[in-house]
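Using our numbering, you'd call the opening residue of the sequence shown number 5 and step up by one each time. Presented below is the structure to which this report refers.
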Amino acid sequence: MEGKDFNYEYVQREALRVPLIFREKDGLGIKMPDSDFTVRDVKLLVGSRRLVDVMDVNTQKGTEMSMSQFVRYYETPEAERDKLYNVISLEFSHTKLEHLVKRPTVVDLVDWVDNMWPQHLKEKQMEATNAIAEMKYPKVKK
């Protein structure tokens, strides 16, 4: 499938029932960092103290790490790691990283938060955190 064919009409017709593979990003309306972008670059753009939700793969228990802690873990050779962690979520709205990443245009068209959430609540959201007490609308947007 070509990016230009992945549009609102396609989503309505096919309902995204099967995984899609795009060999090129042309026509999707996406923006991504260059291929040499690293986890260290993420830390520089979102902040070293930013908390990320991670999961211990073996125990399936979630925990938080700062970006500095995660980068230290990630850059440790695999043979020297005690645990295997997956990042569950990294919200990066309202950070420098948001200017380097854009989701496919069709996602903007079908996103319920973008299209249905009260505008005044979206405008009140100033923080880039997922702290429930501070959230004015559902995250993860970016």
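Ideal Cβ positions, reconstructed from N, Cα and C, are used throughout, including at glycine. None of the values given here were measured: they were computed from a predicted structure.
Item: The beta strand (DSSP E) spanning threonine 163 covers which residue range?; Value: In this structure the chain extends from 5 to 146, so residue 163 is not present and cannot be described.
Item: Going by DSSP in three states, methionine 120 sits in which element: helix, strand or coil?; Value: helix
Item: Over what stretch of residues does the alpha helix (DSSP H) that includes leucine 48 continue unbroken?; Value: 43-50
Item: Are there 16 or more other CB atoms within 10 angstroms of the CB of methionine 36, so buried, or fewer, so exposed?; Value: exposed
Item: Our contact map puts valine 46 next to leucine 101 with C-beta atoms below 8 Å; I'd like the distance itself, whole angstroms only.; Value: 7 Å
Item: Grab me the residues of lysine 8's own chain with a C-beta within less than 6 Å of its C-beta, minus the 5 sequence neighbours each way, in chain order.; Value: Gly31
Item: Classify arginine 17 as buried or exposed, calling it buried when 16 or more other Cβ atoms lie within 10 Å of its own Cβ.; Value: exposed
Item: Serine 72 to arginine 54, Cα distance in whole Å?; Value: 8 Å
Item: Taking all protein chains shown into account, decide if valine 56 is buried (16 or more other Cβ within 10 angstroms of its Cβ) or exposed.; Value: buried
Item: Hey, quick one: how far does the alpha helix (DSSP H) through leucine 113 stretch, first residue to last?; Value: 109-114
Item: So, methionine 59 versus phenylalanine 26, is the Cβ gap smaller than 8 Å?; Value: no
Item: Taking asparagine 11 as the reference, give the member of Pro122, Gln123 and Arg107 with the closest Cα.; Value: Arg107
Item: My assumption, with CB atoms under 8 Å, is that glycine 51 sits in contact with isoleucine 92. Please give the rounded CB distance.; Value: Not quite, the Cβ-Cβ distance comes to about 18 Å (not below 8 Å), so this is no contact.
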